[in-house]
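Reviewing the structure listed below.
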Amino acid sequence: MGSHLLPRHLSADSYRLAGWDLAICSALFFQGVLCAQFAHYINLRRRDTIGLKIFVAGLALMTAVRCCQCIAIMWLQNVTLFLNVEAASQLWSYWVSTVDVMLEATGAVYVQIFFCRRLWAISRNAYIVIICLIFFAFGFVSSIIATYFVFAGAITSTAGWVSLHFGIALSADFLLTVSTVFYLLRHYNASILSRSPFAIKMKFLVRLTVQSAAPAAMCTLANFVADMRLYLTDSQDPQSYMVACISIMILPQLYAWSAMWTLNSREDIWVSVDNRTYTVNLTASAGVLTDLQSMRGPHVGEHDIVPLQGIQNNHVPLRKVEQFEPIA
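Just so it is clear: in the sequence shown, position 257 is 400 by the working numbering, and no numbers are missing.
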């Protein structure tokens, strides 16, 4: 085997520069995916409420700002500082990259509030929603403190606060996802018949909740582990620095992708089964199905039928979901 095929030892600067390049290329790739999702939403979601349209517009604006920041960093690294490798490897000290943590935290909180609103529509449990919001607030405050240490040039302290931020965000995301799945399964169990149209839709929603939350959760976990290693090794681990650069750069796009995936999957879920919903009369010995009414459609702002958590008067009671965002 030739010596040129053997792995070579890379310097810390090489890991830093490679981390920036890979992170920016990945972020731009996911931005392209998001543009396709935004276009799909515009074509199919014209009957959504104004609040939801404003949310999607804000999400598009935030991801576009993130994309512009990535292009600016790429320009600084490969054009402005091309002849100065040492300065290019210290891009974290430039103002255009010192706001990385704040941009990531802002985008994450923006999407997490959307999913908290979804959880409230599904569960009507104010306690669990408030707990999730408190976690998200603590995570955002820790990102502000981490940004302060970035401007102060204290990289070790920054890594500690960033790892705390991602630890809180990971815990909050886990609580939010588990709670959403729990209440979806509760609605599924309340429908009694596992083959009813409503129960089939609940199965699709459970799968969608887990799949859409998984990419952002794995990226958050990778960033948490990398920042913890940077904090424990006093910022002397270039591999961890590269992983942290990549994960923190693409995380806002992953959160936005999760929200848009959830929104764009509504129609596929609601038209994949019969467009009617049923309830079960528990007083009948044979479990007679009572047709309630035809659903007006999967669009936001219309009245979709959803069962409540419990059983009253020997029937599975139903309620109407508020506007702004459906159960999907």
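The beta carbon of each residue, even a glycine, is placed where N, CA and C say it ideally should be.
(1) How long is the line joining the alpha carbons of ALA170 and VAL176, rounded to whole angstroms?
(2) Can you tell me whether CYS275 is buried or exposed, with buried defined as 16 or more other CB within 10 angstroms of its CB?
(3) Could you give the first and the last residue of the continuous alpha helix (DSSP H) run that contains ASN221?
(4) Could you tell me whether any non-hydrogen atom of the ligand SAH is closer than 6 Å to the CB of ILE193?
(5) Over the uninterrupted alpha helix (DSSP H) stretch that includes THR405, give me the two end residues.
(6) Using DSSP with H/G/I as helix, E/B as strand and the rest coil, what is GLY303?
(7) For THR223 and ALA203, I'd like the C-alpha separation in whole angstroms.
(8) For GLY296, name the three-state secondary structure that DSSP assigns.
(9) Do ALA360 and SER383 come within 7 Å of each other at the CB atom, strictly closer than that value?
(10) I need the boundaries of the alpha helix (DSSP H) containing ARG260, first residue and last residue.
(11) Counting C-beta neighbours from all protein chains within 10 Å, is the total for TYR270 16 or more, i.e. buried, or is it exposed?
(12) Among GLY282, PHE257, PHE367 and ILE287, which one has its Cα closest to the Cα of GLY194?
(13) Specify the secondary structure class of GLY444 as computed by DSSP and reduced to three states.
(14) Using the three-state DSSP reduction, which class does GLN436 fall into: helix, strand or coil?
(15) Output needed for VAL353: all residues of its chain with C-beta closer than 8 Å, excluding positions within five of it in sequence on either side, in chain order.
(16) Touch check for the region 326–335 and the region 287–295: three-plus C-beta pairs under 8 Å?
(17) What is the rounded straight-line gap between the Cα of ILE185 and the Cα of THR299?
(18) Please work out which residues of its chain come closer than 8 Å, Cβ to Cβ, to LEU318, disregarding the five sequence neighbours upstream and downstream, and give them in chain order.
(19) If CYS211 and ILE167 are in contact, beta carbons under 8 Å, what's the gap, nearest whole angstrom?
(20) Quick check on the burial criterion: 16 or more other C-beta atoms within 10 angstroms. Buried or exposed for TRP304?
(21) Could you have a look at THR323 and say whether DSSP puts it in helix, strand or coil?
(22) Exposed or buried, HIS183, counting other C-beta atoms within 10 Å across all chains shown (16 or more means buried)?
(23) Going by beta carbon distance, what residues of the same chain come within less than 7 Å of VAL252, once the five residues before and after it are set aside?
(24) Which same chain residues, not among the five before or five after PHE281, have their C-beta less than 7 Å away from its C-beta?
(25) Helix, strand or coil for ASP370, going by three-state DSSP, please let me know.
(26) Does the separation of the CB atoms of ILE343 and GLU247 fall below 7 Å?
Put simply:
(1) 10 Å
(2) buried
(3) Per DSSP, ASN221 belongs to no alpha helix (DSSP H) and is neither H nor E.
(4) Looking at this structure, you won't find the ligand SAH or any other ligand, since it has none at all.
(5) 381–407
(6) helix
(7) 29 Å
(8) coil
(9) no
(10) 243–266
(11) exposed
(12) PHE257
(13) Only weak support exists for where GLY444 lies, its pLDDT of 37 falling under 50; the value from the coordinates is given anyway. In this structure, GLY444 counts as coil in the three-state DSSP scheme.
(14) Low per-residue confidence applies at GLN436: pLDDT is 34, beneath 50, and the placement is therefore not dependable, though the value from the model is reported in the following sentence. GLN436 falls in the strand class under three-state DSSP.
(15) THR320 and VAL324
(16) no
(17) 44 Å
(18) ILE271, ILE274, CYS275 and PHE278
(19) With a Cβ gap of about 11 Å, CYS211 and ILE167 do not count as contacting.
(20) buried
(21) helix
(22) exposed
(23) PHE279 and PHE283
(24) ILE311
(25) helix
(26) no
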